[in-house]
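Novice: My numbering puts the sequence shown at residues 420 to 480.
The C-beta atom is built at its ideal place from N, Cα and C for all residues, glycine as well.
Sending over a structure as structure tokens; questions will come in a sec.
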Amino acid sequence: MFKFVKGYMESIEGVATYPMISLLIFFIFFVVLFLWVVTASKAHVKEMSELPLEDDNDIAN
């Protein structure tokens with residue numbers, strides 16, 4: 420099975436660029452996520468952290 424996949428992948432032109440593109444997407448996603456976490460306002464973080472603890476009555480009022 421692996422020989423079939425390996426032979427098929429070798430026949431595709433530019434197949435070596437796909438792992439690099441995947442790595443770049445992975446890296447960029449986590450850099451953006453890190454920047455969002457660092458720049459998020461403390462009030463927003465506090466509000467989101469308390470959200471699971473609120474009762475249904477607190478949300479309606």
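#1: First and last residue of the alpha helix (DSSP H) that includes V434?
#2: For L443 and M420, what's the separation of their Cα atoms in angstroms?
#3: Terminal residues of the continuous alpha helix (DSSP H) containing A459?
Specialist: Straight from the coordinates:
#1: Mapped onto the sequence shown, residue 434 falls at position 15. It is not in any alpha helix (DSSP H) - V434 carries neither H nor E in the DSSP assignment.
#2: Within the sequence shown, numbered from 1, the residue matching residue 443 stands at position 24. Within the sequence shown, numbered from 1, the residue matching residue 420 stands at position 1. Those two C-alpha atoms are separated by around 29 Å.
#3: Sequence index remark: in the sequence shown, residue 459 carries index 40 (1-based). A459: not part of any alpha helix (DSSP H); DSSP gives it neither H nor E.
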